[in-house]
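First the structure, in the form of structure tokens, and then the observations on it.
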Amino acid sequence: MTAPVVIAVDGPAAAGKGTLARRLAAELGLPYLDTGLLYRAVARRVLLSGGLPTNPQAAEAAAAALTPEDLQRPDLRGPDMDQGASQVAAQPPVRALLLDFQRNFAARNGAVMDGRDIGTVVCPDARVKLFVTASAAARAERRWLERQAKGEPIPLEEVAAEMAVRDARDAARDVAPMRPAEDALVLDTTGLDADAAYEAALQLIRARLDA
Ligand code: CDP
Ligand code: CDP
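The sequence shown maps to residues 0 to 210 in numbering that gives the first Met the number 0.
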């Protein structure tokens, strides 16, 4: 039996990972998992219980109590969850508790999964690994536009600063830091819209699969 196809899509905030991974999954007929939701759901549990995402006991208890329904909550996005997710994600016991779920998801029927450590830790044998990135300015503008569209007036500089803090924390943590796997295909989406990024990704993937 051949191993199910797994495509790992890693990279920093607002690189376009989710948009790309969702489309690849739909086109290739593979299940999709947004692994950032797991960390967001842990942060949500901690915050709802009145705890701090930086508190190891609170974060571990929340990760251990996670349910599938937690991933469906409408309030997993937003600045508090962004930072909270990245704070719980820096804690080794939290990451360990979420690992089996992610690996089992990939092993069942294959998957396209987006996150920070899919190609390096969760699925190091993934058939294709993409590391999607873009300039900090382009990424901040994308998130700022999303906030504008939601009717949340906020200075672009503030969005950029929040994002820089989170990306630095994600890249500097000891366990499963955000970084391209050695065999990752790097896709810089600066100046590319979502369609152009998708086409560029398909070309990279085809070349890798043909090789
Ligand atoms: O998942 P990640 O945080 O990497 O990014 P996303 O949520 O998929 O995309 C962030 C925003 O950038 C969305 O509003 C997309 O429409 C937009 N965008 C994109 O996804 N891809 C591009 N090449 C350009 C913009
Ligand atoms: O959509 P965006 O790129 O802004 O964030 P996300 O993918 O939803 O991830 C939220 C946070 O969860 C990240 O800043 C990371 O700290 C953490 N995360 C992680 O550590 N490992 C993953 N595989 C996915 C997310």
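Quick reminder that beta carbons are idealized off the backbone N, C-alpha and C, glycines included.
Residues of its chain near residue i, where Cβ-Cβ distance is below 8 Å and the 5 sequence neighbours each way are ignored
{"i": "Arg72", "result": "Ala40 and Arg43"}
{"i": "Leu29", "result": "Val4, Ile6, Leu23, Asn108, Gly109, Ala110 and Val111"}
{"i": "Ala20", "result": "Ile6, Val8, Tyr31, Asp33, Val111, Met112 and Asp113"}
{"i": "Ala106", "result": "Pro3"}
C-alpha distance - residue i paired with residue j, whole-angstrom precision
{"i": "Ala170", "j": "Ala210", "result": "30 Å"}
{"i": "Arg178", "j": "Asp116", "result": "7 Å"}
{"i": "Gln147", "j": "Asp74", "result": "18 Å"}
{"i": "Ala133", "j": "Asp173", "result": "24 Å"}
{"i": "Ala195", "j": "Glu181", "result": "25 Å"}
{"i": "Ser48", "j": "Ala58", "result": "11 Å"}
{"i": "Leu51", "j": "Gln202", "result": "43 Å"}
{"i": "Ala199", "j": "Gln56", "result": "43 Å"}
{"i": "Pro67", "j": "Leu184", "result": "31 Å"}
{"i": "Thr1", "j": "Val120", "result": "21 Å"}
{"i": "Pro176", "j": "Leu96", "result": "16 Å"}
{"i": "Leu144", "j": "Ala135", "result": "14 Å"}
{"i": "Cys122", "j": "Arg205", "result": "20 Å"}
{"i": "Leu32", "j": "Ala167", "result": "24 Å"}
{"i": "Ala160", "j": "Leu208", "result": "38 Å"}
{"i": "Asn103", "j": "Asn54", "result": "28 Å"}
{"i": "Glu156", "j": "Glu26", "result": "36 Å"}
{"i": "Ala125", "j": "Gly118", "result": "7 Å"}
{"i": "Asp69", "j": "Tyr197", "result": "30 Å"}
{"i": "Pro78", "j": "Ser85", "result": "11 Å"}
{"i": "Asp187", "j": "Val131", "result": "6 Å"}
{"i": "Met162", "j": "Gly35", "result": "15 Å"}
{"i": "Leu46", "j": "Arg165", "result": "18 Å"}
{"i": "Ala60", "j": "Gly83", "result": "15 Å"}
{"i": "Thr189", "j": "Ala64", "result": "39 Å"}
{"i": "Gln101", "j": "Asp81", "result": "20 Å"}
As assigned by DSSP and simplified to three states, the class of residue i
{"i": "Ile6", "result": "strand"}
{"i": "Gly17", "result": "helix"}
{"i": "Asp33", "result": "strand"}
{"i": "Gly83", "result": "helix"}
{"i": "Ala209", "result": "Before going on, a small fix: residue 209 reads as Asp here, not Ala. Note: Asp209 maps to helix in three-state DSSP."}
{"i": "Ala175", "result": "coil"}
{"i": "Ala180", "result": "coil"}
{"i": "Leu203", "result": "helix"}
{"i": "Gly49", "result": "coil"}
{"i": "Thr119", "result": "helix"}
{"i": "Ala193", "result": "helix"}
{"i": "Ala63", "result": "helix"}
{"i": "Leu23", "result": "helix"}
{"i": "Asp74", "result": "coil"}
{"i": "Ala106", "result": "helix"}
{"i": "Asp166", "result": "helix"}
Cβ shell of residue i (< 6 Å), same chain only, five flanking positions each side left out
{"i": "Asp192", "result": "none"}
{"i": "Ala62", "result": "Val41, Val93 and Leu96"}
{"i": "Val158", "result": "Ala139, Arg142 and Trp143"}
Chain D within 7 Å of residue i, Cβ atoms only
{"i": "Leu70", "result": "Protein chains in the displayed structure number just one, and chain D is not present."}
Chain-order list of residues whose beta-carbon lies under 7 Å from that of residue i (same chain, five-residue window excluded)
{"i": "Gly17", "result": "Asp33 and Asp113"}
Query raised in the report: How about the stretch 141-156 and the stretch 86-99: do they share at least three Cβ pairs that are nearer than 8 Å?
Result: no
Requested in this report: Check whether the stretch 12-19 touches the stretch 123-142, taking contact to mean three or more Cβ pairs, one atom from each stretch, closer than 8 Å.
Outcome: The stretch 12-19 makes contact with the stretch 123-142: 3 or more CB pairs, one atom from each, lie closer than 8 Å.
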